[in-house]
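What follows is a set of notes on a single structure, which appears directly below.
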Amino acid sequence: MKSANLLKRISIEPTVMLGKPVIKGTRMPVDLLVEKVAFGSSTQELLADYPFLQADDIKAALLYSARCVSTEEIYAV
Numbered sequence: 000m001k002s003a004n005l006l007k008r009i010s011i012e013p014t015v016m017l018g019k020p021v022i023k024g025t026r027m028p029v030d031l032l033v034e035k036v037a038f039g040s041s042t043q044e045l046l047a048d049y050p051f052l053q054a055d056d057i058k059a060a061l062l063y064s065a066r067c068v069s070t071e072e073i074y075a076v
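Counting along the sequence shown from 1, when you hit position 39 you're at 38 in numbering that gives the first Met the number 0, and nothing is skipped either side.
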């Protein structure tokens with residue numbers, strides 16, 4: 000799946016979770032998925048725990064996070 004198609008799975012709306020990025024059509028925050036992956040949850044575990052998710056939703060959350068970090072500006076102090 001192309002990057003643009005994955006990123007379409009992420010939604011940011013002020014009326015859903017106060018504008019936090021979520022998986023489109025859900026209230027599942029992107030940061031929660033990324034944190035669960037960081038602490039060792041597998042795709043299979045996440046899909047079992049959250050049956051409304053699809054594997055591409057998890058990929059989209061990781062891609063969205065990577066894109067956010069890649070645009071950070073870092074200044075030496």
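Every residue gets a Cβ at the ideal spot worked out from N, C-alpha and C, and that includes glycine.
Item checked: Residues that DSSP places opposite valine 21 in a beta bridge -> For valine 21, which the question treats as bridged, DSSP gives the partners Ser10, Pro28.
Next item on the list: Tell me, to the nearest whole angstrom, how far the beta carbon of alanine 47 is from that of leucine 6; I am working on the premise that it is less than 8 Å.
Entry: Their Cβ separation, rounded to whole angstroms, is 25 Å, which puts alanine 47 and leucine 6 out of contact at 8 Å.
Check: Going along the chain, which residues of its own chain have a beta-carbon closer than 8 Å to the beta-carbon of aspartate 30, five neighbours each way excluded?
Finding: Lys19, Pro20, Ser64
Checklist line | Terminal residues of the alpha helix (DSSP H) in which glutamine 53 lies | finding: That residue, glutamine 53, is in no alpha helix (DSSP H); it is neither H nor E in DSSP.
Checklist line | Within 8 Å, strictly: CB atoms of methionine 0 and aspartate 56 | finding: no
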